[in-house]
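Protein chains in written order, with our numbering: chain A, 30 to 417; chain B, 30 to 417. Using N, Cα and C, we set each Cβ at its ideal position, and we do this for glycine too.
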C-alpha cells in the first residue's frame, strides 16, 4: 500500500511557511501501517498541480493533498483535482463546491471542507492546509476510513533508543549487522551533536508481534551499548537524571561557568524537579567564583579558571553552599574568543562532588559556541546519570 | 530560472525528522532571485531517487539534493547521482568519493563533502542533510556561485521584523493595511509563543530598489509598533540586551527561580557576554533564596516565594552580591504542579534593580512548563531591553 503527500501553496515554496503537515501525516500513516513513498510540494499553479496529481495516482494507491482549498484566488486545489479526474463539481453544504461522487470531510474549525474521491480503487484525499483544521479532520474521518480499508495489512511500530557519550561512527560499528537487518525489521541511525539515536522499526500483523520483534533488537543493542543509553522514545537525558535523583533520594546543586545556566535550565525543564534541584550558581567572572563559590584566589592564579582544580572546588563548594547531596560543576571555554596558550576553545572540565569525594573529567569539544554549550551540558548530565 | 529541492531519506518519509532544509533553502534561493518550483522527498531507494533526479534535470535549471551523503549503508545519493548522470567516481580528499568532473563543496563540520555537477548548463548541487553542515556550505560556496551566475534576473528581498510583548491579533489589527499590500511588496505575519514576526518581501530589479520598498514598509511598521520590536532578521532578543548593556557599559546579574537558568543561558548564548554578565543564581528552594540571595525569611513567610516582595529582594540582593549595575530576577510557577489558592500556574513576577531603585511587574502566562519558562524569559529579557 503506497501513499504520497502533495502539499500545495506558493508560500511553502518561498520558504515562508515550515511544512509540518508532511511529517505529521507521515507519522500517522506509518502508525496505520501505510508506507509513504513521496512527499512533494507544488505552488499555486493548476498545470503543475494537475501533473502531480496524475503522476501520484499512477504510482501510488493513496494521494493526500494539503492546502489550496480556501476561498481565495490562490486556492486552486478543488478545480484542479476535479479537472485532473474529469469530474464535475456539485454544490455541497454552506455553498462549498466538491467534485461529483466525492465524500465530504467535515471541517469544524475552518470554512473549507475536505473530500475523498475513490477513483478505480485509488484514493485521493484533499485536506486543508492549516494544521489545526487538518489534524482533527484526519483523526476523525480519514484515519478510521484508512484503518478500516487497509488496517488488516498490519502496522508499523517504531522505538527510538537514545544515547550520548559515543560518536555516530562508533555506534555504527557496534550495530552494523542490525543496521543491515532485512524487513520486517529495520534499524536506522541518526546523529545530532552529542546525541545518537537508533530507530528500530518493525512491520507486523499486529502490535504484539511488532513489539516482540522490537524487544529482541532492543535487547541486542542494549547488550552492546547499554551504558550509553539514557532513554527510549520521548525520554530525555534530564528526565533520566531526575528519575535517578528521585530514586536515590538525593539532591543536587550545580555550579556553571561556560554553560551559563543551560544545565540548570535543562534540569528544571523536568516537571517536579524542585523535589531534587536545590541551587544553581552561574559564576561567569573570577570575582563571582571567589565570592559566591568560595574558589580560592590562589587556585585561580596558579591553575586558571578553566582547570581541573577550579572545577573541583566549584563542585565541592556549591554542594556545601546548597547543603545538597551532590555538587556538579563545569568550567570551560565556549568560544569563539577566550582561548589561551594550551587552553583551546572547547576545553571543558566537569567535576562531580558527592558523599564519597570529588572527581573531575576533561573534555575537548568542537563546534560553535552554542554547540560547545550543548555538548558540555550533555556530558555533565550524562556523568550525573551514570554516577546515580 | 527554475530550481527544485529533493530531500533524501526514508526517515523523513516516516515522519521521524521534520524537514527544515526545504524552507531554509527556499528562503535563501528566493533571496538570490531564484524561484523554487518543486520540493520533493524520496526515500533511500536508488531507483526512485534516480527517477527524481532525471525528472528534476528535465524540468528545472537547478536541482539541489539534501541528505544521503554520509558513510552509512543508507547513504545512496553519491552513487545514484553519478549513475543517473552516467559519471564515474573519483577519490577526493579524506577518502571521500565524488563524481568525475564535479566541484567539491568543502564540509568543515562533517565528514561528507558536497558537490556541484554542471550538466549541459544545468546544475545539480548535492548537500548533506544536517542543517548545521548544509547551512554554512550553502552560504560559503553555493550562494556566491548562484549569485554570480544568475544574479542579474532580479531579486526577492525579505526582511523579518521581530517583536515580543504584543499578541498576534493585536499586531494584525495594527498593520492590517500592510498585510493586504499588492505585489511587488507583500507582508506576512507569523506567530510563535511570545514572538510575532512580520515578514516584508519585495520583488525588484536589484537590491537597492528592493531595499527602498522594504525600508518604506519597515518605517510604517516601526511607527506603529516600534516599542515591541527587538530586532530584525537574525537578531535575537538576548543579542539586543547584550548590545544595550555593552553600549551603556553596564553589567548584569540574574536571580532565577521558575526559569531555572534559562535566562542566564540565553544571555550567555551571545558571544562576548562575559563582558557584561557577572553572575546568575538559580534559587529553586526557599533555603537557597535565604542563604544565597539573602531573601528575608519573614518575606517568604508573609508573602510567599512567588510574590512581588520576594522578586524585588532577589533582584536587589543579586545585584549587591555580584557588584553589578543591574540585578534582574524572576519568580513564578512554571507548572504543572505548584499552584496554590490565588497563585495559579503561570503567575510570574519579574523585578529589575538598578542605580535608580527597583521595580516589579506581574505576568500571567499560559501553556505547558517549557512554554511558561520561555515566555517568562522573553518577558524578562524584553523588560531589560526596554530599560536600557
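Residues in its own chain within less than 8 Å of residue i by CB, not counting five upstream and five downstream?
i: residue 165 of chain B; result: 137 and 138
i: residue 201 of chain B; result: 208 and 218
i: residue 117 of chain B; result: 111, 128 and 129
i: residue 264 of chain A; result: 191
Which residues in chain A have a C-beta closer than 8 Å to the C-beta of residue i? List them in chain order.
i: residue 307 of chain B; result: 313, 314, 316 and 317
i: residue 40 of chain B; result: 217, 219 and 228
What three-state label does DSSP hand residue i in the structure shown?
i: residue 269 of chain B; result: helix
i: residue 165 of chain B; result: helix
i: residue 116 of chain B; result: coil
i: residue 394 of chain B; result: coil
i: residue 314 of chain B; result: coil
i: residue 85 of chain B; result: helix
i: residue 36 of chain B; result: strand
i: residue 193 of chain A; result: coil
i: residue 279 of chain B; result: coil
i: residue 372 of chain A; result: strand
i: residue 305 of chain A; result: coil
i: residue 140 of chain B; result: coil
i: residue 415 of chain B; result: helix
i: residue 322 of chain A; result: coil
i: residue 105 of chain B; result: coil
i: residue 220 of chain A; result: strand
i: residue 335 of chain A; result: coil
i: residue 399 of chain B; result: helix
i: residue 296 of chain B; result: helix
Can you list the residues of chain B that residue i reaches, using a CB-CB cut of under 7 Å?
i: residue 334 of chain A; result: Going along chain B, no residue has its Cβ under 7 Å from residue 334 of chain A, so there is no contact; the nearest lies around 10 Å.
i: residue 243 of chain A; result: Ordered by position in chain B, no residue passes the 7 Å Cβ test against residue 243 of chain A, which lies about 15 Å from the chain.
i: residue 47 of chain A; result: 49 and 52
For residue i, go through chain A and note every residue whose CB falls closer than 9 Å to its CB, in chain order.
i: residue 326 of chain B; result: Correct list: empty, because the minimum Cβ distance to chain A is about 16 Å.
i: residue 56 of chain B; result: 43, 44 and 45
How would you list, in chain order, the residues of chain B whose beta-carbon sits under 8 Å from the beta-carbon of residue i?
i: residue 172 of chain A; result: What residue 172 of chain A touches in chain B: nothing, since even the nearest Cβ is about 14 Å away.
i: residue 298 of chain A; result: 289, 398, 399 and 402
i: residue 303 of chain A; result: 313, 314 and 367
In chain order, what residues of the same chain have a beta carbon less than 7 Å from the beta carbon of residue i, not counting five sequence neighbours either side?
i: residue 113 of chain B; result: 79, 82 and 83
i: residue 104 of chain A; result: 97 and 98
i: residue 58 of chain A; result: 32 and 65
i: residue 243 of chain A; result: 186, 188, 229 and 231
i: residue 352 of chain A; result: none
i: residue 298 of chain A; result: 267
i: residue 10 of chain A; result: Because chain A in this structure spans residues 30 to 417, residue 10 of chain A falls outside the shown range and cannot be described.
i: residue 77 of chain B; result: 71
i: residue 132 of chain A; result: 144 and 145
i: residue 175 of chain B; result: 61 and 63
Provide the residue(s) that pair with residue i in DSSP beta bridges, ordered along the chain.
i: residue 377 of chain B; result: B:361 and B:392
i: residue 147 of chain A; result: A:152
i: residue 67 of chain A; result: A:33 and B:71
i: residue 343 of chain B; result: Beta-bridge pairing links residue 343 of chain B to no other residue.
i: residue 95 of chain B; result: B:36 and B:156
i: residue 128 of chain A; result: A:118
i: residue 232 of chain A; result: A:185
i: residue 209 of chain B; result: DSSP, once it has assigned bridges, lists no residue as partnering residue 209 of chain B.
For residue i, return the contacting residues in chain B, with the cut-off set at a CB-CB distance below 9 Å.
i: residue 350 of chain A; result: 317, 320 and 321
i: residue 75 of chain A; result: Those within 9 Å of residue 75 of chain A in chain B number zero; the least Cβ separation is about 14 Å.
i: residue 293 of chain A; result: 285, 289, 290, 291, 293, 294, 309, 311 and 313
Apart from the five residues just before and just after residue i, which ones in its own chain have a Cβ nearer than 6 Å to its Cβ?
i: residue 375 of chain A; result: 393, 394, 395 and 401
i: residue 354 of chain B; result: 279 and 280
i: residue 269 of chain A; result: 259, 260 and 414
i: residue 358 of chain B; result: 284, 340, 343, 344 and 380
i: residue 215 of chain B; result: 230
i: residue 46 of chain B; result: 40
i: residue 346 of chain A; result: 322 and 323
Starting from residue i, find everything on chain A with Cβ-Cβ shorter than 7 Å and list it in chain order.
i: residue 268 of chain B; result: Near residue 268 of chain B there are no residues of chain A at all, since even the closest Cβ is about 12 Å away, more than 7 Å.
i: residue 196 of chain B; result: Correct list: empty, because the minimum Cβ distance to chain A is about 17 Å.
Could you name the residues of the region 105-128 of chain B whose beta carbon sits closer than 7 Å to any beta carbon of chain A, in the order they occur along the chain?
-> Residues of the region 105-128 of chain B whose Cβ lies closer than 7 Å to any Cβ of chain A: none.
Between the region 149-166 of chain A and chain B, which residues of the former have CB atoms less than 9 Å from a CB of the latter, in chain order?
-> none
Taking any Cβ of chain A, which residues in the region 211-231 of chain B have a Cβ under 7 Å from it, in chain order?
-> 217 and 228
Check each residue of the region 367-385 of chain A: if its Cβ is closer than 7 Å to any Cβ of chain B, include it; give the result in chain order.
-> Hits within the stretch: zero.
For the region 60-71 of chain B, enumerate the residues whose C-beta is nearer than 7 Å to any C-beta of chain A, in chain order.
-> So the list reads 65, 66, 67, 68, 69, 70 and 71, given in the order they occur along the chain.
Please list the residues of the region 385-409 of chain A that have a C-beta atom closer than 8 Å to any C-beta atom in chain B, keeping them in chain order.
-> 396, 398, 399, 400 and 402
Which residues, taken in chain order from the region 76-93 of chain B, show a beta carbon closer than 8 Å to some beta carbon of chain A?
-> 77
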